[in-house]
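Below: the structure, in structure tokens.
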Amino acid sequence: MLKRNESMSMHCSLRAGGIAQTLFIPDDLQALINFLQNNSKPVLFVGLGSNLLIRDCGFQGVVVKLTQLKSLTLNDSTITAEAGVTLAKLSRIAQTNNHHGAEFLSAIPGTVGGALAMNAGAFGMEFWQFVNRVQTINAAGEVFERTANDFDISYRQVLANHTDEYFICADLIFNAESNSQNIKQLLLQRNASQPIGLPSCGSVFKNPKGYFAAQLIEQANLKGFCIGGACVSSKHTNFIINSNNATADDIENLILHIRQTVKSNFDIDLETELKII
Ligand SMILES: Cc1cc2nc3c(=O)[nH]c(=O)nc-3n(C[C@H](O)[C@H](O)[C@H](O)COP(=O)(O)OP(=O)(O)OC[C@H]3O[C@@H](n4cnc5c(N)ncnc54)[C@H](O)[C@@H]3O)c2cc1C
1241 MLKRNESMSM HCSLRAGGIA QTLFIPDDLQ ALINFLQNNS KPVLFVGLGS NLLIRDCGFQ
1301 GVVVKLTQLK SLTLNDSTIT AEAGVTLAKL SRIAQTNNHH GAEFLSAIPG TVGGALAMNA
1361 GAFGMEFWQF VNRVQTINAA GEVFERTAND FDISYRQVLA NHTDEYFICA DLIFNAESNS
1421 QNIKQLLLQR NASQPIGLPS CGSVFKNPKG YFAAQLIEQA NLKGFCIGGA CVSSKHTNFI
1481 INSNNATADD IENLILHIRQ TVKSNFDIDL ETELKII
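Here the sequence shown is numbered in my numbering, starting from 1241 and rising by one per residue.
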């Protein structure tokens, strides 16, 4: 599916953001390859947009949304999942088929592609711990096989040795002896501590070494503080909520204000986990 002048607020969980000149949602890998072979515009690959903010000036190029690349196959030891498979589905199917250890993913609203790009994690576990191999595609539509050695992987950060490549598929191995966590329990825990159901991007800032970003923001008296329609959540201070038609500008200004306040109070630099384009 190809759309022109699409508001990215429809495709980002913050429900804010500018217009993408073109939005392309390929039906399958071959459609993606064909498209890229004939495209010369800048590309931005996205999944569920749950960690993404496109500035109000928009994106002059093609946003490639991979949510239709959602095939998932299992064999004895490996799950092969395309980039558009949601983490909720992956963790559910892993559990049903006795591939143990994927339970933590049930609480992260994203896709396999987004989790690979972000090294998404929760409850002490990170996505790349379970990656055996990935397939990538470049802007010219060429497909490659890569392993973890081709990336520099750390807390919520994945830097590629081969730049200009995007994730299309992963082989994952979840081989814990038994379920390490109970999915229902994890979701209850999440609902109790996070403003689930309101437009947000999850944690806006990474936790600085030795600190919790949420705690620093709360101690800086920013709980509930708003700029325009963007507010610091009262339930979890590392979340920004779009509570009243916030623009991307409102959200970015609030981020800047939080960073400056935390810096002047504690001399600590907060780094965003949220990707701003
Ligand atoms: C309520 C809530 C709770 C959250 N809790 C957590 C949590 O516990 N842990 C956590 O880690 N995150 C959490 N997040 C953030 C988010 O869910 C994760 O970062 C998730 O991995 C993003 O996946 P996505 O598919 O939505 O990626 P997007 O938001 O669409 O994209 C994120 C980044 O990845 C890039 N990207 C996406 N797909 C690809 C691809 N195929 N190839 C290359 N680059 C790509 C994008 O360009 C962008 O830079 C939460 C978000 C919300 C809203």
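For every residue, glycine included, the Cβ atom is placed at its ideal position computed from N, Cα and C.
Bear in mind that the values here come from a model prediction, so they are computed numbers and not experimental data.
For lysine 1515, verify whether its CB is less than 7 Å away from any heavy atom of ligand 1.
yes
Residue range of the beta strand (DSSP E) that includes phenylalanine 1506:
From DSSP, phenylalanine 1506 is part of no beta strand (DSSP E) but of the alpha helix (DSSP H) over 1488-1506.
How far does the beta strand (DSSP E) with threonine 1313 in it reach, from first residue to last?
1312-1314
Euclidean distance between Cα positions of phenylalanine 1344 and lysine 1424:
11 Å
Which residues mark the beginning and the end of the alpha helix (DSSP H) in which isoleucine 1377 is found?
Unbroken run through isoleucine 1377 is the beta strand (DSSP E), 1371-1378; no alpha helix (DSSP H).
Would you say the region 1439-1450 touches the region 1461-1480, given that touching needs at least three Cβ pairs under 8 Å?
yes
Does any heavy atom of ligand 1 sit closer than 7 Å to the C-beta of isoleucine 1348?
At least one heavy atom of ligand 1 sits closer than 7 Å to the Cβ of isoleucine 1348.
Taking glycine 1289 as the reference, give the member of Val1303, Gln1434, Leu1427 and Asp1268 with the closest Cα.
Among Val1303, Gln1434, Leu1427 and Asp1268, the Cα nearest to that of glycine 1289 is on Val1303.
Would you mind working out which of Gln1455, Ile1348 and Asn1279 sits nearest glutamate 1366, comparing C-alpha positions?
Ile1348
Using CA coordinates, which residue listed in Ser1394, Gln1369, Ala1362 and Ala1400 is at the minimum distance from threonine 1376?
Ala1400
Alpha carbon to alpha carbon, what distance is there between leucine 1284 and asparagine 1505?
Approximately 36 Å, taken between the alpha carbons.
How is the beta strand (DSSP E) around phenylalanine 1275 delimited, first residue to last?
Note, phenylalanine 1275: premise wrong, no beta strand (DSSP E); alpha helix (DSSP H) at 1269-1277.
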